[in-house]
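S.K.: Start counting the sequence shown at 0; every next residue gets the next number (numbering that gives the first Met the number 0). To start, I am sharing the structure in question, which I have written as structure tokens.
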Amino acid sequence: MLSKQDISDRILVQEHFAKEHLPGDLGRADVERYKARIKALLKEKDACLVAHYYTDALIQELAEETGGCVADSLEMARFGSQRPESTLLVAGVRFMGETAKILSPEKRILMPTLEATCSLDIGCPEDEFTAFCDAHPDYEVVVYANTSAAVKARADWVVTSSIALQVVEHLADQGKKIIWAPDKHLGAYVQKQTGIDMLMWDGACIVHEEFKAKGILDLKRVYPDAAVLVHPESPDAVVELADAVGSTSQLIQAARDLPNRELIVATDRGIFYKMQQAAPEKMFIEAPTGGSGATCRSCAHCPWMAMNGLDNIVAALEEGRDEIFVDEGLLDRARQPLQRMLDFSASLKR
């Protein structure tokens, strides 16, 4: 069982990442120089910076300071499509840049690095997934946003974690049979909540799959009044312990709304930046993963998200490198299932 000192050390680490993390060996003065250069380049290049909740806090802060946004992958793309700038710089992972290109084909989409990917994306290759779908032609294909443009183009629906339940229930009401991809844990959560049988692709997020129920129970013994916030990409045993289950934006909302002063958070620790904005009086505790140091694959932080840095943001803007291209033949086909979800979401609000 974790001791009080273990927990205190963990909180110090969490606060370090959320508030004071400096990329590499940069000092504060170096960071300020980078930020000033990026702000100037954004204006010079007619560019807007959007950042995912899981990027470094400094990048999220910079996006907000320059009129960009910090959001989930779909909202980043949707926000970018409504901006007047001709260039969108997407701090996140590759499928997020592709989603932005799908919704804004006329814009130039840059990323700090094209090497930043996602285990869900690479775990659902186009050819294998197409063959899987072709083997079940009478099924409606629903894919999570964490997929390539090519996989989206093969789908009937693209969903985010915040609307997956409603879309699947809607399809079930129509008598549809459903293929779900790629996250098996999110799929299992949707299946359990709806009671709907789905053909499931076997994929997982390396960050969320590492959270362990035992570690959370150990934390609850130290902090019995803490609420547990869990992203549904986590294993079922972790979800079962949650006081709130939801997407990144839903978990931030829960952090603000729950009465608990202490919150155990089972998602990427990059989210602490926005959670602390939403509820500055509360203490956020990083949920333990299955390992530590060299023995864990992510330690509650996506290694690909960590590849986004101030230095490669500067390089992307200065050199126009790491640009996202999506084959024109895919753009329309990938946009259709995305637009279907957006239209469905708008109909729920009417």
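Backbone N, C-alpha and C fix where the C-beta goes; we use that ideal spot for every residue, glycine too. Nothing here was measured: the structure is a model prediction, and the numbers come from that model.
In terms of residues, what are the limits of the beta strand (DSSP E) holding residue 325?
M.R.: Taking the first residue of the sequence shown as 1, we reach residue 325 at position 326. Neither: residue 325 is in no beta strand (DSSP E) and is coded neither H nor E.
S.K.: Going by CA-CA distance only, name the one from 270, 151, 247 that's closest to residue 94.
M.R.: Counting from one through the sequence shown, the residue named residue 94 turns up at place 95. For residue 94, the nearest C-alpha among the options comes from 151.
S.K.: Rounded to whole angstroms, what's the CA-CA distance from residue 103 to residue 79? Just pull it up for me.
M.R.: Residue mapping note: residue 103 aligns to position 104 of the sequence shown, counting from 1. Residue mapping note: residue 79 aligns to position 80 of the sequence shown, counting from 1. Computed Cα separation, rounded: 8 Å.
S.K.: Report yes or no: do three or more beta-carbon pairs, one from the region 184-203 and one from the region 214-229, lie closer than 8 Å?
M.R.: In short, these stretches do not touch, since the Cβ pair count stays below three.
S.K.: Let me check understanding here. Comparing Cα to Cα, which of 125, 43, 112 lies closest to residue 375?
M.R.: Since the first residue of the chain shown is 0 and the last is 349, residue 375 is not available in this structure.
S.K.: Which residues does DSSP list as the beta-bridge partners of residue 199?
M.R.: Here residue 199 corresponds to residue number 200 of the sequence shown, with the count starting at 1. Answer is 179, bridged to residue 199.
S.K.: Quick one: give me the first and last residue of the alpha helix (DSSP H) that residue 31 is part of.
M.R.: In the sequence shown, residue 31 corresponds to position 32, counting from 1. Here the alpha helix (DSSP H) through residue 31 covers 27-43.
S.K.: Given a cut-off of 7 Å, decide if residue 200 and residue 181 are closer than it, judged by their beta-carbon atoms.
M.R.: Numbered from its first residue, the sequence shown carries residue 181 at position 182. Numbered from its first residue, the sequence shown carries residue 200 at position 201. In this structure, residue 200 lies closer than 7 Å to residue 181 by Cβ.
S.K.: Tell me whether residue 205 sits in a helix, a strand or coil according to DSSP, three-state version.
M.R.: Stepping through the sequence shown from its first residue, residue 205 is reached at position 206. Coil.
S.K.: When you compare only the Cα positions, how much space is there between residue 58 and residue 183?
M.R.: Stepping through the sequence shown from its first residue, residue 58 is reached at position 59. Stepping through the sequence shown from its first residue, residue 183 is reached at position 184. Cα-Cα distance, rounded: 30 Å.
S.K.: Going by the DSSP bridge assignment, what does residue 210 pair with across the sheet?
M.R.: Position 211 of the sequence shown, counting from 1, holds the residue named residue 210. Bridge partners of residue 210: 288.
S.K.: Is residue 263 closer than 7 Å to residue 227 when the C-beta atoms are compared?
M.R.: Position 228 of the sequence shown, counting from 1, holds the residue named residue 227. Position 264 of the sequence shown, counting from 1, holds the residue named residue 263. Contact flag set, yes.
S.K.: Hey, which unbroken runs of the alpha helix (DSSP H) at 4 residues or more fall wholly within the region 48-106?
M.R.: Segments of the alpha helix (DSSP H) lying fully in the region 48-106: 56-64, 72-80, 93-102.
S.K.: Just the Cα atoms here: how many angstroms apart are residue 410 and residue 288?
M.R.: Look at the range of the chain in this structure, 0 to 349, and you will see that residue 410 is not part of it.
S.K.: Could you pull out every residue in the same chain whose Cβ sits closer than 8 Å to the Cβ of residue 222, ignoring the five residues on either side in sequence?
M.R.: Position 223 of the sequence shown, counted from the start, is the residue given in the question as residue 222. The residues are 6, 261, 263, 284.
S.K.: Please confirm if the region 27-36 is in contact with the region 274-284, defined as three or more CB-CB distances below 8 Å between the two stretches.
M.R.: In short, these stretches do not touch, since the Cβ pair count stays below three.
S.K.: Identify which residue in 82, 108, 300 has its Cα closest to the Cα of residue 320.
M.R.: Along the sequence shown, read from residue 1 onward, the residue named residue 320 stands at position 321. Among 82, 108, 300, the Cα nearest to that of residue 320 is on 108.
S.K.: For residue 257, does the three-state DSSP call read helix, strand or coil?
M.R.: As a position in the sequence shown, residue 257 is number 258, starting the count at 1. Three-state DSSP puts residue 257 in coil, outside helix and strand.
S.K.: Please tell me whether residue 77 and residue 313 are closer than 7 Å, where the distance is taken between their beta carbons.
M.R.: Counting from 1 along the sequence shown, the entry for residue 77 is found at position 78. Counting from 1 along the sequence shown, the entry for residue 313 is found at position 314. No, they are not a contact pair.
S.K.: Answer with yes or no whether the minimum CB distance from residue 67 to chain C is below 7 Å.
M.R.: Among the chains of the structure shown, chain C does not appear; only one protein chain is present.
S.K.: Can you tell me whether residue 324 is buried or exposed? The criterion is at least 16 other CB atoms within 10 Å of its CB, across all chains shown.
M.R.: Taking the sequence shown and counting its residues from 1, the one referred to as residue 324 is at position 325. Burial call: exposed.
S.K.: Taking its Cβ as the centre, do 16 or more other Cβ atoms sit within 10 Å of residue 42, making it buried, or is it exposed?
M.R.: Working through the sequence shown from its first residue, we reach residue 42 at position 43. Looking at its Cβ environment, which holds fewer than 16 other Cβ atoms inside 10 Å, residue 42 is exposed.
S.K.: According to DSSP, is residue 304 part of a helix, a strand, or is it coil?
M.R.: In the sequence shown, counting from the first residue as 1, residue 304 sits at position 305. Residue 304: helix per DSSP, three-state reduction.
S.K.: Rounded to whole angstroms, what is the Cα-Cα separation between residue 96 and residue 171?
M.R.: Indexing the sequence shown from 1 puts residue 96 at position 97. Indexing the sequence shown from 1 puts residue 171 at position 172. Cα-Cα distance, rounded: 31 Å.
S.K.: Quick test of the definition: if touching needs 3 or more C-beta pairs under 8 Å, does the region 79-90 touch the region 269-278?
M.R.: Output reads no: the region 269-278 does not touch the region 79-90.
S.K.: Buried or exposed for residue 220, please, with buried defined as at least 16 other CB atoms from any protein chain shown within 10 angstroms of its CB.
M.R.: Taking the sequence shown and counting its residues from 1, the one referred to as residue 220 is at position 221. Exposed.
S.K.: Does the distance from the C-beta atom of residue 73 to that of residue 159 stay below 7 Å?
M.R.: Looking up residue 73 in the sequence shown gives position 74. Looking up residue 159 in the sequence shown gives position 160. Contact: yes.
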